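Count along the sequence shown starting at 1, add 10, and that's the number in my numbering. Using N, Cα and C, we set each Cβ at its ideal position, and we do this for glycine too. From a predicted model like this one, the values you see are computed outputs, not experimental measurements.
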Amino acid sequence: MSRRCPAPGGRSAPGPTPPSSHRANPEVEEELRAQNQVLKKGVVDEQANSAALKEQLKMKDQSLRKLQQEMDSLTFRNLQLAKRVELLQDELALSEPRGKKNKKSGESSSQLSQEQKSVFDEDLQKKIEENERLHIQFFEADEQHKHVEAELRSRLATLEMEAAQHQAVVDGLTRKYMETIEKLQNDKAKLEVKSQTLEKEAKECRLRTEECQLQLKNLHEDLSSRLEESLSIINEKVPFNDTKYSQYNALNVPVHNRRHQLKMRDIAGQALAFVQDLVKGLLNFHTYTEQRIQIFPVDSAIDTISPLNQKFSQYLHENASYVRPLEEGMLHLFESITEDTVTVLETTVKLKTFSEHLTSYICFLRKILPYQLKSLEEECEASLCTSALRARNLELSQDMKKMTAVFEKLQTYIGLLALPSTEPDGLLRTNYSSVLTNVGAALHGFHDVMKDISKHYSQKATIEHELPTATQKLITTNDCILSSVVALTNGAGKIASFFSNNVDYFVASLSYGPKTASGFISPLSAECMLQYKKKAAAYMKALRKPLLESVPYEEALANRRVLLSSTESREGLAQQVQQSLEKISKLEQEKEHWMLEAQLAKIKLEKENQRTADKLKSTSSGQVVGVAQEGAAVVTAAGQEDASAKAVPVPVHSTSLCRALSKRLALAEKSKEALAEEMKAASQNNSRLQDELTTTKRSYEDQLSMMSDHLCSMNETLSKQREEIDTLKMSSKGNSKKNKSR
11 MSRRCPAPGG RSAPGPTPPS SHRANPEVEE ELRAQNQVLK KGVVDEQANS
61 AALKEQLKMK DQSLRKLQQE MDSLTFRNLQ LAKRVELLQD ELALSEPRGK
111 KNKKSGESSS QLSQEQKSVF DEDLQKKIEE NERLHIQFFE ADEQHKHVEA
161 ELRSRLATLE MEAAQHQAVV DGLTRKYMET IEKLQNDKAK LEVKSQTLEK
211 EAKECRLRTE ECQLQLKNLH EDLSSRLEES LSIINEKVPF NDTKYSQYNA
261 LNVPVHNRRH QLKMRDIAGQ ALAFVQDLVK GLLNFHTYTE QRIQIFPVDS
311 AIDTISPLNQ KFSQYLHENA SYVRPLEEGM LHLFESITED TVTVLETTVK
361 LKTFSEHLTS YICFLRKILP YQLKSLEEEC EASLCTSALR ARNLELSQDM
411 KKMTAVFEKL QTYIGLLALP STEPDGLLRT NYSSVLTNVG AALHGFHDVM
461 KDISKHYSQK ATIEHELPTA TQKLITTNDC ILSSVVALTN GAGKIASFFS
511 NNVDYFVASL SYGPKTASGF ISPLSAECML QYKKKAAAYM KALRKPLLES
561 VPYEEALANR RVLLSSTESR EGLAQQVQQS LEKISKLEQE KEHWMLEAQL
611 AKIKLEKENQ RTADKLKSTS SGQVVGVAQE GAAVVTAAGQ EDASAKAVPV
661 PVHSTSLCRA LSKRLALAEK SKEALAEEMK AASQNNSRLQ DELTTTKRSY
711 EDQLSMMSDH LCSMNETLSK QREEIDTLKM SSKGNSKKNK SR
């Protein structure tokens, strides 16, 4: 089953899908069959060994039972001998008193009893020694039997465990083999369905092809007839033809420019798609390499990784800022190729930008290469690194060096191709073919390097997955890196084949131009040429309309000189007009502003005059009213004539006073807010102090209550001790009195 790859840093990446190639299935089946045969043979051998050990254990049990029977017979014999000894001792004890009584009976009888006693003693001693020897032999045989039995039982348990493990492995391989067979059968069924579908599509395509061929034949006949008609018209109506021996006319404009541009744009679009695939693969490769550093050989979630890997991870985290511009540069290059342009190396300005982005990425590769090599060396120094894994790491180190060198070689030739757009003499046209051929060779070299990296990394991942410390995260990350390397390999192969197939077209198309001149000097000249082309097309279009009166050539040249000479003065006048318009607009805005100010001042003045008139009416002073009205009329007239005049002192003073009051009000509001904040802080501080005081008071009360309880308990203890002392004193006095009375 396929595993899903983890998302790098906030960035999402597609999970690797295992290659489903039906060509590798027979090899997998042969390998599984070989492993199955080996495991079956091992299980049969272990079963034979187990049967032999069981037979040995059975024989040991039989010998143990035989020894047990002998031990029982010896014990019985020993008991008989012991009883006989007791009987002899009893007879000896009975014979001794008789001997004392019958000492006088004669020396012959005493000598006979003495000889019998010595014989019995020797016989008893021999039996005792034989009994001890048999006891020792029985003990040794018993111990040896127990040791052999324990050893055989442990070996039997080990063999049974190994047999169970082998059986589990066999079952797992059988299950895996059956799953593989089922998967292959499903793939076969799918391929059969797909084959049938493709056959139907092929049949439909053949039918469509026949229809298209028929249509093509009809179109060919139609176009042939039209061509003959057009050629006859051209031969009759066109007085000259300057495109007979060259693809350039008298103006050195390519005749088939539109068709050429469409093909160049199509090729550039294909190159853009290939570069996008490479950029995606490089982003995944660098990102998953960063994830691998975080989990192997030391997992950053458990322990701290080395400073080298920390720095390496930091550099790899910046890969997008170096890789993404490659896609952007190629996109800008594609967008610069349109139907209205002339695409040659002298006019391809955006190729220089792409070359600069490629140079930046190569600087990134040079920066991370030493850390990459040191990181691989650090993996080789790990305790679990085998010799095979070290060999793969060394091969990958060489591959990384080759990859950087290939990119440097590719950038060198792309930089040469970008020279004609900035330095016309930087690259001769005769060298275009060799430079483009070298670009194709560098792309093929990049494909070869990526194939080596894919091969060696696949072997490295296989070895690491068999390590006892291999985690699921490491296995998944290795699969993701391997999928990105495979994608890079496929992308490099496609772009190398694409460039090789089109290199002849590039050589012919990117270097075309006037044969008698040195070429397009700059992109500006190409743009001017296209402008003239558009003018010519417009002129030819205008010919279909009624002809206007034409201007003589000398007069047109004179008009052009006058126009060019007056360009600067015209531009200067345009700037002056623009500046004047800006000043006029500013003055209009100021005028509207002061008109509004005048209207406000007029309103305020009327209010003040009304207020003054009311006061004067109350005092019955008619002259003052007249004077005030005259002053108001004068001020109003002055305000209407010139808004910036100084005939309105009262409104201006009131306005300034209002502004001052508003500023003071704003300051008062700010001070009020500041005082409110201070008051709030003071109240919070007060409440905090109150809480602290309450807490302190409560803690003191608790301490006092605890001290009082402790004192009470101490007083009780002291009173008890005093009572005991008094009791002891009283008892000691009573004892002393009793002693004295005694």
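Find out if the Cβ-Cβ distance for the pair A428, F344 is shorter than 7 Å.
Position 418 of the sequence shown holds residue 428. Position 334 of the sequence shown holds residue 344. Taking 7 Å as the Cβ cut-off, A428 and F344 do not qualify as a contacting pair.
Segment limits, alpha helix (DSSP H) that includes S316:
As a first step, residue 316 must be located in the sequence shown, where it is residue number 306. No alpha helix (DSSP H) holds S316; DSSP gives it neither H nor E.
DSSP three-state label for E192, please.
The count along the sequence shown starts at 1 and reaches residue 192 at position 182. Of the three classes helix, strand and coil, the one that applies to E192 here is helix, per DSSP.
Is DSSP giving I753 helix, strand or coil here?
This structure cannot speak to residue 753, because the chain is shown only from 11 to 752.
Quick check on the DSSP output: the alpha helix (DSSP H) that includes F306 runs from which residue to which?
Counted from its first residue, the sequence shown places residue 306 at position 296. Per DSSP, F306 belongs to no alpha helix (DSSP H) and is neither H nor E.
Specify whether the segment 269 to 276 and the segment 322 to 337 touch according to this definition: at least 3 beta carbon pairs, one from each stretch, less than 8 Å apart.
no
Quick check on the DSSP output: the alpha helix (DSSP H) that includes G425 runs from which residue to which?
What you label residue 425 is simply residue 415 of the sequence shown in a count that begins at 1. Here the alpha helix (DSSP H) through G425 covers 397 to 427.
Grab me the residues of Q45's own chain with a C-beta within less than 8 Å of its C-beta, minus the 5 sequence neighbours each way, in chain order.
Locating residue 45 in the sequence shown gives position 35, where the first residue counts as 1. These residues qualify, in order along the chain: L183.
In chain order, what are the residue ranges of uninterrupted alpha helix (DSSP H) at least 4 long that sit wholly in the segment 476 to 528?
482 to 519
Spatial neighbours of E733 within its chain, please: CB distance less than 7 Å, with the 5 preceding and 5 following residues excluded, ordered by chain position.
As a first step, residue 733 must be located in the sequence shown, where it is residue number 723. So the list is empty, once near-sequence residues are dropped.
Status (buried if at least 16 other CB within 10 Å, exposed otherwise) for P478:
Working through the sequence shown from its first residue, we reach residue 478 at position 468. That one is exposed.
Would you call I463 buried or exposed, if buried means 16 or more other Cβ atoms sit within 10 Å of its Cβ?
Counting from one through the sequence shown, the residue named residue 463 turns up at place 453. So I463 ends up on the buried side.
Measure from the alpha carbon of V129 to the alpha carbon of each residue in T314, H145, V95, then state which is nearest.
Residue numbering aside, residue 129 sits at position 119 when the sequence shown is read from its first letter. Ranking the options by Cα distance to V129, first place goes to V95.
How long is the line joining the alpha carbons of A379 and T414, rounded to whole angstroms?
Position 369 of the sequence shown, counting from 1, holds the residue named residue 379. Position 404 of the sequence shown, counting from 1, holds the residue named residue 414. The amino acid occupying residue 379 in the given sequence is Leu; Ala does not appear at that position. Going by the C-alpha atoms only, they are around 8 Å apart.
For the segment 393 to 406 against the segment 470 to 477, do three or more pairs of beta-carbon atoms, one drawn from each stretch, fall closer than 8 Å, so that the two count as touching?
yes
Using CA coordinates, which residue listed in Q599, E39, E356, Y381 is at the minimum distance from P317?
By 1-based counting over the sequence shown, the position of residue 317 is 307. Of the candidates Q599, E39, E356, Y381, the one whose C-alpha sits nearest the C-alpha of P317 is Y381.
Taking 8 Å as the limit between beta carbons, can you name the residues of its chain near I303, skipping five residues before and five after?
Counting from one through the sequence shown, the residue named residue 303 turns up at place 293. Around I303: I315, N319, F322, S323, L326, S385.
Would you please state the rounded distance, in angstroms, between the beta carbons of F295 and L498? I believe it to be under 8 Å.
Mapped onto the sequence shown, residue 295 falls at position 285. Mapped onto the sequence shown, residue 498 falls at position 488. About 6 Å separates the two Cβ atoms, so the contact holds.
Evaluate contact between the segment 451 to 469 and the segment 499 to 519, counting only Cβ atoms and requiring at least three cross-stretch pairs below 8 Å.
yes
Following the continuous alpha helix (DSSP H) through S365, name the residue where it begins and the one where it ends.
Within the sequence shown, numbered from 1, the residue matching residue 365 stands at position 355. From DSSP, the alpha helix (DSSP H) with S365 extends over 360 to 390.
If you draw a straight line from the alpha carbon of H157 to that of K76, how long is it in whole angstroms?
Position 147 of the sequence shown, counted from the start, is the residue given in the question as residue 157. Position 66 of the sequence shown, counted from the start, is the residue given in the question as residue 76. Distance between the alpha carbons of H157 and K76 is about 18 Å.
Less than 6 Å between C-beta atoms, sequence neighbours within five positions excluded: which residues of the same chain meet that for A212?
Here residue 212 refers to the residue found at position 202 when the sequence shown is read from its first residue. Here the set comprises nothing.
Rounded to the nearest angstrom, how far is the Cβ of L162 from that of Q66, given a contact under 8 Å?
Counting from one through the sequence shown, the residue named residue 162 turns up at place 152. Counting from one through the sequence shown, the residue named residue 66 turns up at place 56. Their Cβ separation, rounded to whole angstroms, is 7 Å, which keeps L162 and Q66 in contact under 8 Å.
Below 8 Å, how does it come out for the segment 52 to 70 and the segment 188 to 196: are there three or more Cβ pairs, yes or no?
no
Count the other CB atoms, across all protein chains shown, that sit within 10 Å of the CB of P28; report buried if there are 16 or more and exposed otherwise.
Translated into the one-based positions of the sequence shown, residue 28 becomes position 18. Reliability of the predicted coordinates at P28 is poor, the pLDDT of 42 falling under 50, and the value obtained from them is presented with this limitation in mind. Classification for P28: exposed.
Beta-carbon proximity check, L144 vs L89, cutoff 7 Å:
Along the sequence shown, read from residue 1 onward, the residue named residue 144 stands at position 134. Along the sequence shown, read from residue 1 onward, the residue named residue 89 stands at position 79. No, these two residues do not count as a Cβ contact at 7 Å.
Expected contact under 8 Å - CB spacing of D409 and V352 to nearest Å:
Numbered from its first residue, the sequence shown carries residue 409 at position 399. Numbered from its first residue, the sequence shown carries residue 352 at position 342. So it is not a contact: roughly 42 Å between Cβ atoms.
C-alpha distance - K328 paired with K290, whole-angstrom precision
In the sequence shown, counting from the first residue as 1, residue 328 sits at position 318. In the sequence shown, counting from the first residue as 1, residue 290 sits at position 280. Note on identity: in this sequence residue 328 is Glu, with Lys being the wrong assignment. Answer to the nearest angstrom: the Cα atoms are 15 Å apart.
Looking at Q469: is its Cβ nearer than 7 Å to the Cβ of R402?
Position 459 of the sequence shown, counted from the start, is the residue given in the question as residue 469. Position 392 of the sequence shown, counted from the start, is the residue given in the question as residue 402. For Q469 and R402, yes; Cβs fall inside 7 Å.
Can you look up K739 in the DSSP assignment and give me helix, strand or coil?
Sequence index remark: in the sequence shown, residue 739 carries index 729 (1-based). K739 falls in the helix class under three-state DSSP.
Nearest to V38 by CA position, among N619, E607, Y187, is which residue?
Position 28 of the sequence shown, counted from the first residue, corresponds to residue 38. Here the closest residue by C-alpha is Y187.
Among E337, T737, D489, which residue has its Cα nearest to the Cα of A283?
In the sequence shown, residue 283 corresponds to position 273, counting from 1. Comparing Cα positions, the closest option is E337.
D435 - DSSP class collapsed to helix/strand/coil
Residue 435 sits at position 425 when you count from the first residue of the sequence shown. Looking at D435 - three-state DSSP - the assignment turns out to be coil, as it is neither helix nor strand.
Could you check the C-alpha separation between M689 and K614 for me, to the nearest Å?
Along the sequence shown, one-based indexing puts residue 689 at 679. Along the sequence shown, one-based indexing puts residue 614 at 604. Between M689 and K614, the C-alpha separation is close to 41 Å.
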